[in-house]
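Here the structure comes first, spelled out in structure tokens, and everything after it is commentary.
There are 2 protein chains.
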Amino acid sequence: MISSGKETLKLENQLCFRLYNLSKSMNRLYAPVLKELELTYPQYLVMLVLWQATEPLKVKALGEKLDLDTGTLSPLLKRMEKLNLLSRNRNKEDERSVEIKLTQHGQSLKTKAEHIPTQMFKVTKLSIDKLHNLNKMLDKLSENIG
Amino acid sequence: MISSGKETLKLENQLCFRLYNLSKSMNRLYAPVLKELELTYPQYLVMLVLWQATEPLKVKALGEKLDLDTGTLSPLLKRMEKLNLLSRNRNKEDERSVEIKLTQHGQSLKTKAEHIPTQMFKVTKLSIDKLHNLNKMLDKLSENIG
DNA sequence: TGCATTTAAGTTGTGCACAATGTATATTTT
DNA sequence: AAAATATACATTGTGCACAACTTAAATGCA
Chain A
775 MISSGKETLK LENQLCFRLY NLSKSMNRLY APVLKELELT YPQYLVMLVL
825 WQATEPLKVK ALGEKLDLDT GTLSPLLKRM EKLNLLSRNR NKEDERSVEI
875 KLTQHGQSLK TKAEHIPTQM FKVTKLSIDK LHNLNKMLDK LSENIG
Chain B
775 MISSGKETLK LENQLCFRLY NLSKSMNRLY APVLKELELT YPQYLVMLVL
825 WQATEPLKVK ALGEKLDLDT GTLSPLLKRM EKLNLLSRNR NKEDERSVEI
875 KLTQHGQSLK TKAEHIPTQM FKVTKLSIDK LHNLNKMLDK LSENIG
């Protein structure tokens, strides 16, 4: 039962705590694998977006895809530029925006990353059906609270 | 299909990205509600543990329940002590350990927090059955990767 | 055209997470 | 009992997240 009783304040009953812990667990799971590419987890997410992109992406577009604001993205992208993963250039047509492009090094990392999703899927020990089902439930939840 | 093909590196296909985003969304959902109690989300989790506890908890025990190490907990608990939420005292029997106890103020906040789980449950727009089902799937995943 | 408004990034400050290391106390081993 | 090991917590340093604010360029409109 869901009511304002004794049980509701128990840590173990909180969906948010499960998501918080799973997110941390995932991070820890990815960290050693990504270390081989010298990437942090958020940097990996940026790379995922850029590897898919067919043209330079503005910071704003990146932020929308990753649900991150410039307060997070600006320093993150600066660090990635320093690591020679990408370039940041002011758009000539609109000097407000900055275009993010992979460097050759950044592009070349894609090959080394291609095994990661499969490897991680195996670690979850989920069947493909269960994964799809879970994804669907999480998407629905995202839609409801996002 | 799961294989090392084109699709696997797509951001939208990553379970980890869903969890990462949902965790952030949850945080944002809780932030304004917790602000009324002057708590951050991790501080709220600490309070959930302490509100349930029948005796003072050692930092280590708290860390195990929350899956946080002392590098995170020590400064977090210090901030909470400063906010007059809890006290930190060296154990007389074992000077290595530190006992965490709620202050009266910390204890009194429990009443003000009692509406939060129910309120948050409503926001998710999930049925109780679906919530239980999702919780079960997430616990299973936790067990597999944790 | 001039000025207010909007838009795109960047900056500042706070609070986590966590790896790596340090410090002090307790326990175990010899 | 002395030395080695283990335990509990703290500290340092890096990298996010995000709120709040700033800066500069583009757009809208009187």
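Protein chains in written order, with this note's numbering: chain A, 775 to 920; chain B, 775 to 920. From the three backbone atoms N, C-alpha and C, an ideal C-beta is built for every residue, glycine too.
Between the segment 876-888 of chain B and chain A, which residues of the former have CB atoms less than 9 Å from a CB of the latter, in chain order? Lys884, Ala887, Glu888
Where glycine 845 of chain A meets chain B, residues with beta-carbon distance less than 9 Å: Taking the first residue of the first sequence as 1, we reach residue 845 of chain A at position 71. Annotation: glycine 845 of chain A has no Cβ neighbours in chain B at a cutoff of 9 Å; minimum Cβ distance is about 13 Å.
Could you give the first and the last residue of the continuous beta strand (DSSP E) run that contains leucine 783 of chain A? In the first sequence, residue 783 of chain A corresponds to position 9, counting from 1. Unbroken run through leucine 783 of chain A: none, as it is neither H nor E.
Mind the definition here: the segment 819-832 of chain B touches the segment 783-794 of chain B only if three or more C-beta pairs lie below 8 Å; say whether that holds. no
Helix, strand or coil: how does DSSP classify asparagine 863 of chain B here? The residue you call residue 863 of chain B lines up with position 89 of the second sequence. In the structure shown, asparagine 863 of chain B sits in a strand (DSSP, three-state: E or B).
Contacting residues, own chain, Cβ-Cβ under 7 Å from glutamate 781 of chain A (five flanking each side not counted): Within the first sequence, the letter at position 7 stands for residue 781 of chain A. Excluding sequence neighbours, glutamate 781 of chain A sits near Asn787.
Alpha carbons only, please: which of A:Asn863, A:Leu811, A:Leu785 is nearest the one belonging to histidine 879 of chain A? By one-based count along the first sequence, residue 879 of chain A stands at place 105. It is A:Leu811 whose Cα lies nearest to the Cα of histidine 879 of chain A.
Member of B:Thr846, B:Pro830, B:Glu829 whose CA lies at the smallest distance from the CA of glycine 745 of chain B: Absent from the structure is residue 745 of chain B, since the part of chain B shown begins at 775 and ends at 920.
Out of B:Met911, B:Leu840, B:Leu857, which one is the CA nearest neighbour of leucine 883 of chain B? As a first step, residue 883 of chain B is located in the second sequence; it is residue number 109 there, counting from the start. Considering only B:Met911, B:Leu840, B:Leu857, the residue with the shortest C-alpha distance to leucine 883 of chain B is B:Leu857.
Should methionine 854 of chain A be flagged as near chain B, meaning a C-beta pair shorter than 8 Å? Stepping through the first sequence from its first residue, residue 854 of chain A is reached at position 80. For methionine 854 of chain A, the answer is no, since every Cβ of chain B falls outside 8 Å of its Cβ.
List the residues that DSSP assigns as beta-bridge partners of glutamate 810 of chain B. Taking the first residue of the second sequence as 1, we reach residue 810 of chain B at position 36. Looking at the DSSP assignment, glutamate 810 of chain B forms no beta bridge with any residue, so it has no partner.
is_contact[aspartate 841 of chain A, chain B] using C-beta, thresh 8 Å: Start at 1 with the first residue of the first sequence, and residue 841 of chain A comes out as number 67. Interface with chain B (8 Å Cβ-Cβ cutoff): aspartate 841 of chain A is included.
Chain B beta carbons: is any one of them nearer than 8 Å to that of threonine 814 of chain A? What you label residue 814 of chain A is simply residue 40 of the first sequence in a count that begins at 1. No, threonine 814 of chain A does not count as interfacial toward chain B.
Nearest to leucine 785 of chain B (by Cα), restricted to the options A:Ser848, A:Ala887, A:Arg853, A:Glu855: What you label residue 785 of chain B is simply residue 11 of the second sequence in a count that begins at 1. Among A:Ser848, A:Ala887, A:Arg853, A:Glu855, the Cα nearest to that of leucine 785 of chain B belongs to A:Ala887.
Whose C-alpha, out of A:Leu900, A:Ser916, A:Lys914, A:Lys875, is nearest the C-alpha of glutamate 917 of chain B? For this step, residue 917 of chain B is matched to residue 143 along the second sequence. That would be A:Leu900, whose Cα lies nearest to the Cα of glutamate 917 of chain B.
So, is serine 871 of chain A buried or exposed, given that buried needs 16 or more other C-beta atoms within 10 angstroms? As a working note, residue 871 of chain A is residue 97 in the first sequence. That one is exposed.
Could you give the DSSP three-state label for methionine 775 of chain A: helix, strand or coil? Within the first sequence, the letter at position 1 stands for residue 775 of chain A. With a pLDDT of 49 at methionine 775 of chain A, under the threshold of 50, the modelled position of that residue is not reliable, and the figure given next carries that caveat. Looking at methionine 775 of chain A - three-state DSSP - the assignment turns out to be coil, as it is neither helix nor strand.
Nearest-angstrom Cα distance between leucine 876 of chain A and leucine 860 of chain A? Stepping through the first sequence from its first residue, residue 876 of chain A is reached at position 102. Stepping through the first sequence from its first residue, residue 860 of chain A is reached at position 86. Distance between the alpha carbons of leucine 876 of chain A and leucine 860 of chain A: 4 Å.
Would you call isoleucine 890 of chain B buried or exposed, if buried means 16 or more other Cβ atoms sit within 10 Å of its Cβ? Position 116 of the second sequence, counted from the first residue, corresponds to residue 890 of chain B. With 16 or more Cβ atoms within 10 Å of its Cβ, isoleucine 890 of chain B is classed as buried.
Quick check: serine 797 of chain B and serine 797 of chain A, are their CB atoms within less than 8 Å of each other? As a first step, residue 797 of chain B is located in the second sequence; it is residue number 23 there, counting from the start. As a first step, residue 797 of chain A is located in the first sequence; it is residue number 23 there, counting from the start. Result yes, Cβ atoms of serine 797 of chain B and serine 797 of chain A sit closer than 8 Å.
Could you check where the beta strand (DSSP E) with lysine 875 of chain B kicks off and where it finishes? Translated into the one-based positions of the second sequence, residue 875 of chain B becomes position 101. 872-876 is the span of the beta strand (DSSP E), which, as asked, contains lysine 875 of chain B.
In angstroms, rounded to a whole number, what distance separates the CA positions of methionine 911 of chain A and asparagine 863 of chain B? Stepping through the first sequence from its first residue, residue 911 of chain A is reached at position 137. Stepping through the second sequence from its first residue, residue 863 of chain B is reached at position 89. Straight-line Cα distance between these residues: approximately 44 Å.
Which residues in chain A sit within 8 Å of valine 897 of chain B, going by Cβ to Cβ distance? Residue mapping note: residue 897 of chain B aligns to position 123 of the second sequence, counting from 1. Within 8 Å Cβ-Cβ: Asn918, Ile919.
Min CB distance proline 806 of chain B to chain A below 8 Å: Along the second sequence, one-based indexing puts residue 806 of chain B at 32. No, proline 806 of chain B lies away from the interface with chain A (no Cβ there is under 8 Å from its Cβ).
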